[in-house]
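Okay, so the sequence shown: first residue is 1074 according to the working numbering, each after it adds one.
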Amino acid sequence: MKKTLISALALGLLLAAAGCKKSFLDLQPQATTSADSFFKNQDQVQQAVDGAYAPVRTLGNVDYWVFGELRSDNTTFQYNDSNRGQESQREFVDEFLVSANSESVQEMWQVSYNGISRCNDVLGKIDAVTMPADKKNQFLGEVKFLRALYYFTLVRQFGGVPLRLESVASPTAAKSQGRAPAADVYASIIADLTDAAAKLPTKAAYAAADAGRATKGAANTLLASVYLTQKDYAKAVALLRDVRTGGYSLLPSYRSVFDPANKNNAESIFEIQYLGTQPNISSSFTFIFAPYTSGNIITGDATAPNLGIGSGWNIPTQDMIDAYEAGDLRKTASLALGFTDATGKFVAVPYITKYNFGLAAPGRTDTNFPMLRYADALLMYAEALNEQGFAAGGEAAAALNEVRKRAGLPAKVTTSQTDFRVAVLQERRVELAFENQRWYDLVRTGRAVDVMNAHGTRQKALQTFLPASAYQVTANKLLLPIPQREVMLDNLAQNPL
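As structure tokens, this is what we get:
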């Protein structure tokens, strides 16, 4: 019987849990299985492929929103003057004061390369395993998609990074060849996604038990995002035309897109899979994004009446709140302006509601996190078409207005290519709010320095606790510092600070 992807991931967490009866002085570890002895049949390969998804879930819990959303003008943090333990971590990311010694930076680097290593292990061993060709192609496509996803995050955050494309079999082979140029990293990403798209099944071709796995449509959509980042608009348009005919569609209700009852729905192209009934693979965005002063009023968790340092993150900024047009149905589906406390007093600390759908168990929620969805593809398509040439009321406008119509808004009329650029970036901001896209949109469109400095001026007026050095954004600060540990151990060149 086939296991679902999420169940297989849970099983993977147990693979290293076996006991060890021999002396702890034995050099051969007994609690784990080596790659050489493990890859013997199709089931073992599938377990390894499932394990390559697990770091995506880890990154989705914190790192993706810290560096894709909190770092932008969409969100900030609720200042907690009673506990300053996180100040040097997430707060400094928000304030553009993050250093090479940041644990947050180190964690994203390390978890991403853990995922890459798992992909490389599969790619290095799968050819020797006998299995049907279509299943082997599926597994190859999945890990190439995942490896590209990990590298796409790394190259956009750090620039050139070590390009590891083979399994590391010994400590002596762990040292890299140094930071590859960003162009080489992008070339590897494009090669992986092109091959993945050729090998992966369509979403409709998967059995229900395999919902959530990478698909042909996911590979093409991610590749289109890569081309959009590189300003290769013709290739992005061609791929997105294929995605538009791939059976995806907008759901009638915006909020229902994120409802756990609708996981992997018709609008979903790729989403991070969480399972609320299991502590190690559940999500907790309701708790993380709730104001830490809200007790259990927002979370609804009677077993946890108080919140602490783990809450009060990704708080919508006033800039974000003001970005919505009057009548936009996405606003109330995505955020609240505050909460009413136990005394009946309204507390004006905004928070994200997009992922609030109740509890699956105390302390755990069942909400998946969207990474690629059809509305994103439509807006990328509109943007890429416009960059090829403005056409008033043309195909680009139709794609843009398809998204606006679902939000309850009238069609957007633009009169120039420049006006359309502004319109589509604005639409991406509100449609994809709190989905970790905003930072990357600002950087690739060349707006990050100006937007974030202006945003910083407004934040300093609102948040008087911010240091004077906060939000001094320059082109150098668009890339994160390479973790100091990696600089020292792998002799990597540091980014200009």
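Built from N, CA and C at the ideal position, the CB exists for glycine as well. Only a predicted model underlies this, so the values are computations on that prediction, with no experimental measurement involved.
Reference residue i, options the options, closest by Cα
{"i": "Asn1571", "options": "Gln1162, Ile1388, Gly1368", "result": "It is not possible to answer for residue 1571, since the shown part of the chain is limited to 1074 through 1570."}
{"i": "Thr1488", "options": "Pro1274, Asn1338, Gly1462", "result": "Gly1462"}
{"i": "Leu1323", "options": "Phe1165, Ala1472, Asp1123", "result": "Ala1472"}
{"i": "Val1495", "options": "Gly1481, Tyr1137, Leu1515", "result": "Leu1515"}
{"i": "Pro1569", "options": "Asp1563, Thr1405, Asn1293, Leu1552", "result": "Leu1552"}
{"i": "Ile1342", "options": "Ala1469, Asn1353, Leu1295, Gly1481", "result": "Leu1295"}
{"i": "Glu1559", "options": "Asn1174, Phe1165, Ser1407, Leu1170", "result": "Asn1174"}
{"i": "Asp1218", "options": "Ala1480, Leu1445, Ile1370", "result": "Before going further, note that residue 1218 is Phe rather than Asp in the sequence given. Ranking the options by Cα distance to Phe1218, first place goes to Leu1445."}
{"i": "Thr1416", "options": "Ile1370, Ala1433, Val1171, Lys1404", "result": "Ile1370"}
{"i": "Tyr1152", "options": "Glu1164, Glu1142, Leu1143, Asp1146", "result": "Glu1164"}
{"i": "Ala1521", "options": "Gly1141, Ala1292, Pro1244", "result": "Gly1141"}
{"i": "Phe1362", "options": "Ser1145, Ala1284, Val1139, Thr1226", "result": "Val1139"}
{"i": "Leu1565", "options": "Ala1127, Gly1251, Asn1526, Gly1197", "result": "Gly1251"}
{"i": "Pro1483", "options": "Asp1268, Thr1366, Asp1401, Ala1206", "result": "Asp1401"}
{"i": "Ala1206", "options": "Pro1274, Phe1225, Tyr1186, Met1181", "result": "Pro1274"}
{"i": "Gln1545", "options": "Ala1534, Glu1398, Thr1530", "result": "Thr1530"}
{"i": "Asp1439", "options": "Ala1399, Ala1469, Lys1336, Asn1509", "result": "Lys1336"}
{"i": "Tyr1224", "options": "Ser1240, Phe1493, Ala1260", "result": "Ala1260"}
{"i": "Leu1562", "options": "Ala1282, Ser1190, Ser1110, Pro1244", "result": "Pro1244"}
{"i": "Gly1381", "options": "Ala1125, Phe1111, Ser1155", "result": "Ser1155"}
{"i": "Ala1264", "options": "Thr1491, Pro1554, Ala1311, Asn1293", "result": "Asn1293"}
{"i": "Phe1419", "options": "Thr1366, Ala1280, Thr1547", "result": "Thr1366"}
{"i": "Gly1466", "options": "Leu1451, Lys1478, Lys1485", "result": "Lys1485"}
{"i": "Leu1266", "options": "Asn1474, Ala1278, Ala1291", "result": "Ala1291"}
{"i": "Asp1392", "options": "Glu1500, Asn1147, Phe1111, Leu1143", "result": "Asn1147"}
{"i": "Thr1226", "options": "Tyr1186, Tyr1428, Glu1398, Gly1431", "result": "Tyr1186"}
Short Cβ contact (9 Å threshold) for residue i with residue j
{"i": "Gly1233", "j": "Asp1200", "result": "no"}
{"i": "Pro1540", "j": "Glu1168", "result": "yes"}
{"i": "Ala1375", "j": "Pro1435", "result": "yes"}
{"i": "Ala1396", "j": "Arg1502", "result": "yes"}
{"i": "Gln1211", "j": "Arg1286", "result": "yes"}
{"i": "Ala1059", "j": "Ile1262", "result": "Nothing about residue 1059 can be reported from this structure: the residues present for the chain run from 1074 to 1570 only."}
{"i": "Val1202", "j": "Gln1115", "result": "yes"}
{"i": "Pro1333", "j": "Asn1193", "result": "no"}
{"i": "Ala1339", "j": "Tyr1321", "result": "yes"}
{"i": "Thr1288", "j": "Lys1276", "result": "yes"}
{"i": "Ser1356", "j": "Gly1133", "result": "yes"}
{"i": "Ala1506", "j": "Arg1437", "result": "no"}
{"i": "Val1216", "j": "Leu1238", "result": "no"}
{"i": "Val1228", "j": "Ala1255", "result": "yes"}
{"i": "Lys1198", "j": "Val1118", "result": "yes"}
{"i": "Phe1493", "j": "Lys1427", "result": "no"}
{"i": "Ala1543", "j": "Leu1170", "result": "yes"}
7 Å Cβ shell around residue i - same chain, five flanking residues per side excluded
{"i": "Ala1090", "result": "The predicted position of Ala1090 is uncertain, since its pLDDT is 37 and thus under 50; no value can be drawn from it."}
{"i": "Met1453", "result": "Ala1297, Ser1298, Leu1301, Ala1309, Leu1313"}
{"i": "Ser1145", "result": "Arg1511, Trp1512, Leu1515"}
{"i": "Gln1567", "result": "Ala1173, Pro1554, Ile1555, Val1560"}
Cβ-Cβ separation, residue j to residue i (assumed contact under 8 Å), whole Å
{"i": "Val1178", "j": "Pro1556", "result": "5 Å"}
{"i": "Arg1130", "j": "Ile1345", "result": "6 Å"}
{"i": "Ile1388", "j": "Tyr1424", "result": "6 Å"}
{"i": "Phe1360", "j": "Ser1329", "result": "Actually they are not in contact, since the Cβ atoms of Phe1360 and Ser1329 sit about 22 Å apart, beyond 8 Å."}
{"i": "Gly1188", "j": "Pro1128", "result": "3 Å"}
{"i": "Thr1149", "j": "Thr1390", "result": "5 Å"}
{"i": "Glu1456", "j": "Val1476", "result": "With 8 Å as the limit, Glu1456 and Val1476 do not qualify as a contact, their Cβ atoms being about 12 Å apart."}
{"i": "Asp1136", "j": "Met1181", "result": "4 Å"}
{"i": "Ala1433", "j": "Gly1373", "result": "Incorrect: roughly 12 Å between the Cβ atoms, too far for contact."}
{"i": "Val1497", "j": "Asn1549", "result": "About 28 Å; that fails the 8 Å criterion."}
Residues that residue i bridges to, as DSSP identifies them
{"i": "Ser1489", "result": "Partner(s): none; Ser1489 has no beta bridge."}
{"i": "Arg1437", "result": "Ala1434"}
{"i": "Glu1344", "result": "Pro1443"}
{"i": "Ile1425", "result": "Leu1408"}
{"i": "Phe1150", "result": "For Phe1150, which the question treats as bridged, DSSP gives no partner whatsoever."}
{"i": "Val1420", "result": "Phe1412"}
{"i": "Ile1388", "result": "Thr1149"}
{"i": "Ser1356", "result": "Thr1438"}
Residues near residue i in its chain [Cβ-Cβ closer than 8 Å; skip 5 each side]
{"i": "Leu1100", "result": "The pLDDT assigned to Leu1100 is 39, lower than 50, so where the model puts this residue is not dependable; a value taken from the coordinates is nonetheless given after this. Closer than 8 Å at the Cβ level, and outside the excluded window around Leu1100, lies no residue."}
{"i": "Ala1421", "result": "Leu1410, Gly1411"}
{"i": "Lys1075", "result": "In this prediction, Lys1075 has a pLDDT of 39, which is less than 50 and means its spatial position is unreliable; what the coordinates show is noted afterwards. These residues qualify, in order along the chain: Ala1280, Ala1282, Asp1283."}
Contacting residues, own chain, Cβ-Cβ under 6 Å from residue i (five flanking each side not counted)
{"i": "Arg1517", "result": "Thr1302"}
{"i": "Ala1253", "result": "Gly1233, Leu1236"}
{"i": "Leu1086", "result": "At Leu1086 the pLDDT is 43, less than 50, meaning the model places this residue with poor confidence and gives no usable figure here."}
{"i": "Trp1386", "result": "Phe1150, Ile1361"}
{"i": "Pro1443", "result": "Glu1344, Glu1508"}
{"i": "Arg1191", "result": "Gly1124, Ala1125"}
{"i": "Ala1470", "result": "none"}
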